[in-house]
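FYI, the numbering for the sequence shown is 11 to 174, going by my numbering.
The structure under discussion appears below in the form of structure tokens.
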Amino acid sequence: MTTQQDYPVLWPVPTRWADNDHYGHVNNVTYYSYFDTAVNAWLMAATGTDIRELPAIGVVAQTSCQYLGSLSFPDHLRVGLRISRLGRSSITYDLAIFRVLDAGTAADTAGENLELAATGTFVHVYVDNESRKSVEIPAIIRSAAAALVTGETQAPAQPGNDDA
């Protein structure tokens, strides 16, 4: 069973009033927004740079979500991040959304009681900001991402390695 200890990063993401649908729970497509928000906010924090300004950007090439529990505003969430594959031009994130049952302090999330609500994957492929052609992962992104690799593969960043 997936637990919060399986993820080196637990990124806080709030629910919003607008996230709830007519049935009173967070609409399924919003879970993808939580994934996107957590990955990109973590990248900005971990690199100390505005990743939108880099010459190469990560575009989502694939994503999936398995729903395991219901969420609703005003739930507080933690999105677990880890990387199962760091390729030449792509990063595969394994993600989990946890609902906070007992909130700790903003600075100390280690003691929080969390309930798993969803798991998923998210693949960023890096492309040139202008041409949109596949390029190597920027060094600043690769360096930050390497700290979260928990999976099978980490492809070396070499010109001859065209493994995405």
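For every residue, glycine included, the Cβ atom is placed at its ideal position computed from N, Cα and C.
Have a look at the options and flag the residue whose alpha-carbon is nearest the alpha-carbon of residue i.
i      : options                    : result
Ala149 : Thr57, Val39, Asn38        : Thr57
Pro22  : Ser80, Asp16, Phe45        : Phe45
Pro24  : Thr13, Tyr136, Val36       : Val36
Gln72  : Val110, Tyr103, Ala66      : Tyr103
Val135 : Val70, Arg26, Leu64, Ala28 : Val70
Ser141 : Ala55, Asp112, Pro65       : Pro65
Alpha helix (DSSP H) containing residue i: first to last residue?
i     : result
Trp27 : Note, Trp27: premise wrong, no alpha helix (DSSP H); not H, not E.
Secondary structure at residue i, three-state DSSP: helix, strand or coil?
i      : result
Ala154 : helix
Ile39  : Note on residue identity: the sequence assigns Val, not Ile, to residue 39. Helix at Val39.
Ile67  : strand
Arg142 : coil
Leu20  : strand
His78  : Position check: residue 78 holds Leu in this sequence, whereas His was assumed. Coil.
Residue i: buried (16+ other C-beta within 10 angstroms of its C-beta) or exposed?
i      : result
Leu78  : exposed
Tyr41  : buried
Asp60  : exposed
Asp138 : exposed
Within the continuous beta strand (DSSP E) that includes residue i, where are the two ends?
i      : result
Asn123 : 123–138
Note down the Cα distance separating residue i from residue j, rounded to an integer number of angstroms.
i      : j     : result
Asn171 : Thr12 : Because the pLDDT at Asn171 is just 45, under 50, the model does not fix this residue reliably, and the value given afterwards should be weighed accordingly. About 33 Å.
Ile151 : Phe83 : 32 Å
Leu126 : Asn38 : 15 Å
Lys143 : Asn50 : 20 Å
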